[in-house]
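Before any comments, here is the structure.
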Amino acid sequence: MRNAKLLTGSGTFLNEDFTKLNAEVLAPVRLKDPENVERAWSFEGKLYSRFRGKDRSDRIDHEHFQTWLNKPWPQTVGSQSFASRASANTNRRRY
Numbered sequence: 001m002r003n004a005k006l007l008t009g010s011g012t013f014l015n016e017d018f019t020k021l022n023a024e025v026l027a028p029v030r031l032k033d034p035e036n037v038e039r040a041w042s043f044e045g046k047l048y049s050r051f052r053g054k055d056r057s058d059r060i061d062h063e064h065f066q067t068w069l070n071k072p073w074p075q076t077v078g079s080q081s082f083a084s085r086a087s088a089n090t091n092r093r094r095y
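Take the sequence shown: its position 62, counted from the start at 1, is 62 in the UniProt record's numbering, and no numbers get skipped.
Structure below.
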């Protein structure tokens, strides 16, 4: 994973192996509150997020996992949910 940046521009992407719990928490962090969460990612088995208007990233501790899992999903408007529209419109940085 440390040398993943060597693959930049090659069309090859590395994904971290998640535990089931980390995978179940990362999706809600990214999609349940897209107005406030600018970015969410994992690194070396730990989850991180950056909230809009903040200068630094925060680690998502295990004690906050249940909060994200219990948070309601955004409502569907038309044929697409707010989370789907927000996720499709974000500019993702590629390294």
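The C-beta atom is built at its ideal place from N, Cα and C for all residues, glycine as well.
Just so we're clear, the structure is a prediction, and the values are computed from it rather than from any experiment.
Check: Test item: CB-CB of residue 96 and Phe65 under 8 Å; Outcome: Since the first and last residues shown for the chain are 1 and 95, residue 96 lies out of range.
Check: Contact check, Phe18 vs Ser49, beta carbons under 8 Å; Outcome: no
Check: Beta-ladder partner(s) of residue 109, from DSSP; Outcome: The requested residue 109 is not part of the displayed model; the chain covers only 1 to 95.
Check: Supposed close pair Trp73, Val29 - CB separation, criterion 8 Å; Outcome: About 12 Å; that fails the 8 Å criterion.
Check: Secondary structure of Glu24, DSSP reduced to three states; Outcome: helix
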